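Enquirer:
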Amino acid sequence: MKQAIVIGGGAAGLSAAASLSAKGWNVTLLEKTDRLGGGFRSVRLGSYHFDLGFFPVTMPWMIERVYREAGTFMDPTLTFQPLDVCSRHFFQDGTWLDVSADPDRMGRELEKLSPEDRREFLEYLNEVGRMYEAVEEHFLERPAGAWSDLLSVKAFKAWWSVHPFESADAFHRRYFDDPRLVAVLNRYAAGVGSSPFDVPATVSLISYLDMVQGACAVQGGHDVLIASMESLVRSRGVRIETSCPMEGLLVEEGRVTGVRAGGEVWKADAVLLAEDPGSGSVLPPEVTDALLDTPRISAFVMLLGVARTFPHLHHHNLFYQDLAGREYIELFDQREWPRSPVIYVGHPGFSEPDRAPEGKSALCVMVHVPAGMNDSGSDDLAFHREWLLDLLESGWGFLGLRESIEEEMILGPRELEELTGAPDGALYGPAAHGWRTFARLPARNRKVTGLYHAGPWVCPGGISLSAVSGLHAAHIMHRDAEEAGIEREAVKTGS
């Protein structure tokens, strides 16, 4: 039986482990932190229940696909709750916009915010829908083991059709004049850890998921999904070791033979790296150096258990300062904490009231910051806490927030690294800017035979796409092993 080592216990690693075990592999999953889930997890503080993860869940059928490929049915206890409003966006002029997959509701929202852009919005949706179909057919449904796998005529035409040389910001401004609407659409670039001024317009197809297919939340919190996926892989015989960081890759004559992790040697026929390649010197320098030189963003997070409610909030809420685009320049060009951040406030109690006691709120407040940028420690975090609370109380309808806090956890990049295992707290992997969008690591490593990759740094865009990248890597690993076995058999028989 072939032995596989999966490094990383997030959605990509769990999905790959489930698929490989169903294909007959003996699988061991090694996770550096003390629990599975990566950045997709829940946190409990007293009677308050929070979720990390700052975007709604899309494409839940991709998660169902993980269970199918493992040879079973979707966990009946796992429920994806549709959100009638994917996200609510507030602007400093006092207006707001609800993004919804309900076309009538979305039409009313646009009529209220920017009636002159309503017709162009339909044209925009048609275009991003076409882009999504091209990506789905040629990239989501077809595992790419190497860049050469994408060089067919059909794949090239699909790639060319998704505006790879136009920035997301320029693409959005082709359709819309209202800067508020442009700011909302540009925000999807942040979902792949990138700037809308530098990421190709291809990323805009993510808006199609929210505005046409719709978004959802995991009922009971993110931990419910991770616990279900853990139960799935354990039922398939996968061995899971937590608190087991990888210390190095074992390679002989260009072929992987295992890993060093947790002070032990783990032998394997193949290794799937489902965590950020920047987390260790396990790849050739020409690959890791390029990745590590790419800007990455992390987050400053406040989990607040608050003894009051805020009726203006929905489940996912974003608050835009004037000149919202300045944030991306500060994050990616100047690599400093933004002075005009878009503020995210997650309020899961809108969808599940039992996330907090009656009359109270569990709020996840987040702004993006450069990865690894809280080296000055707790004093720095305390300063930014006060600054962010001042912004919320003075301009965004959170009067009395500070004095109502009962439970609190503050997380900067360093704390997020400790909690999730992401190096420097970089939750999204390297920015997908320019050519790097299409030169991310392929599923099959070019330099080391038997080494494979999965995760947001291969397929960015949320937990469902991360899970798909795990499935793709598992397919390619298994196919390579079968082809190698056929070749060896042919040599034996002399055919």
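End of the sequence shown sits at 595 in the working numbering; the numbers just go up one at a time, nothing left out.
Glycine residues also receive a C-beta, built at the ideal position from the N, C-alpha and C atoms.
Please read these numbers as outputs of a predicted model, since none were measured by experiment.
DSSP state of A116, grouped into three classes?
Expert: A116: helix per DSSP, three-state reduction.
Enquirer: Keeping to the same chain, check which residues put their C-beta closer than 6 angstroms to that of W366; ignore five residues upstream and five downstream.
Expert: Answer for W366: I105, G358 and V359, listed in chain order.
Enquirer: Which class does Q313 belong to by DSSP, given the choice of helix, strand or coil?
Expert: If DSSP states are grouped into helix, strand and coil, Q313 belongs with the helices.
Enquirer: Looking at chain D, is there any beta carbon in it that lies within less than 8 angstroms of the beta carbon of H533?
Expert: Note that chain D does not occur in the displayed structure, where there is just one protein chain.
Enquirer: Under 8 angstroms, with one C-beta from each stretch per pair, do the region 450-461 and the region 401-418 reach the 3-pair mark?
Expert: In short, these stretches touch, since the Cβ pair count reaches three.
Enquirer: Could you have a look at R502 and say whether DSSP puts it in helix, strand or coil?
Expert: Correct three-state label for R502: helix.
Enquirer: Is P296 buried or exposed, if buried means 16 or more other CB atoms sit within 10 Å of its CB?
Expert: So P296 counts as buried.
Enquirer: Less than 8 angstroms between C-beta atoms, sequence neighbours within five positions excluded: which residues of the same chain meet that for T177?
Expert: Here the set comprises V324 and S328.
Enquirer: Quick one: measure Cβ to Cβ for L571 and S119, integer angstroms, because I've assumed they're closer than 8 angstroms.
Expert: With a Cβ gap of about 5 angstroms, L571 and S119 count as contacting.
Enquirer: Does the beta-carbon distance from F140 to I397 come in below 8 angstroms?
Expert: No, they are not a contact pair.
Enquirer: Just the Cα atoms here: how many angstroms apart are F271 and A370?
Expert: Looking at the two C-alpha atoms, the distance is approximately 41 angstroms.
Enquirer: In whole angstroms, what is the alpha-carbon distance linking G291 and G521?
Expert: Between G291 and G521, the C-alpha separation is close to 19 angstroms.
Enquirer: Look at the alpha carbon of G110 and the alpha carbon of L565, and state the distance between them as a whole number of angstroms.
Expert: Rounded to the nearest angstrom, the two C-alpha atoms are 12 angstroms apart.
Enquirer: With which residues is W496 paired in a DSSP beta bridge?
Expert: Beta-bridge pairing links W496 to no other residue.
Enquirer: If you pair each beta-carbon of the region 479-489 with each one of the region 296-310, do three or more pairs fall below 8 angstroms?
Expert: No, the region 479-489 does not touch the region 296-310.
Enquirer: Using the Cα positions of V387 and C559, report the straight-line distance between them to the nearest angstrom.
Expert: Below a pLDDT of 50, predicted positions are generally treated as unreliable, and V387, at 47, falls in that range; no measurement from the model is reported.
Enquirer: Tell me which same chain residues have a C-beta within less than 8 angstroms of the C-beta of L516, skipping the five on either side of it?
Expert: Same-chain partners within the cutoff: G139, S398, A399, V401, A522, G525 and L527.
Enquirer: Given this structure, state the Cα-to-Cα distance separating L423 from I429, to the nearest angstrom.
Expert: Going from the Cα of L423 to the Cα of I429 covers about 11 angstroms.
Enquirer: Would you kindly report the start and end of the unbroken alpha helix (DSSP H) that includes T520?
Expert: Start and end: P513 to T520.
Enquirer: Along the chain, where does the beta strand (DSSP E) that runs through F180 open and close?
Expert: Element bounds for F180: F180 to P182.
Enquirer: Since F150 and L403 are thought to touch, with beta carbons under 8 angstroms apart, how far apart are those beta carbons, to the nearest angstrom?
Expert: Correct: roughly 5 angstroms between the Cβ atoms.
Enquirer: Roughly how many whole angstroms lie between the Cα atoms of L305 and V157?
Expert: So the two alpha carbons sit approximately 15 angstroms from each other.
Enquirer: Could you pull out every residue in the same chain whose Cβ sits closer than 6 angstroms to the Cβ of G362, ignoring the five residues on either side in sequence?
Expert: Counting only Cβ-Cβ distances below 6 angstroms, and skipping sequence neighbours, we find C344.
Enquirer: Would you identify the three-state DSSP class for W247, choosing helix, strand or coil?
Expert: For W247, the predicted model reports a pLDDT of 49, less than 50, meaning its position is unreliable and no value from the coordinates is stated.
Enquirer: If you check the beta carbons only, do A532 and S294 fall under 8 angstroms apart?
Expert: Contact: yes.
Enquirer: What would DSSP say about T302, mapped onto helix, strand or coil?
Expert: Correct three-state label for T302: helix.
Enquirer: In angstroms, rounded to a whole number, what distance separates the CA positions of E452 and V318?
Expert: If you take the alpha carbons of E452 and V318, they lie about 10 angstroms apart.
Enquirer: For P530, count the other beta carbons within 10 Å of its own beta carbon; 16 or more makes it buried, fewer makes it exposed. Which is it?
Expert: The residue in question, P530, is buried, as its Cβ has 16 or more Cβ neighbours within 10 Å.
Enquirer: Helix, strand or coil for Y552 per DSSP?
Expert: Y552: strand per DSSP, three-state reduction.
Enquirer: Could you check where the beta strand (DSSP E) with D151 kicks off and where it finishes?
Expert: Residues Y148 to D151.
Enquirer: When we look at the beta-carbon of S331 and count the other beta-carbons within 10 Å, is it buried (16 or more) or exposed?
Expert: Counting Cβ neighbours within 10 Å, S331 comes out exposed, since fewer than 16 surround it.
Enquirer: For D278, tell me which candidate among L197, G495, H414 and E493 has the shortest Cα-Cα distance.
Expert: When each option's Cα is compared against that of D278, the closest is L197.
Enquirer: If we call anything under 8 angstroms between Cβ atoms a contact, is L183 one with H415?
Expert: Yes, they are a contact pair.
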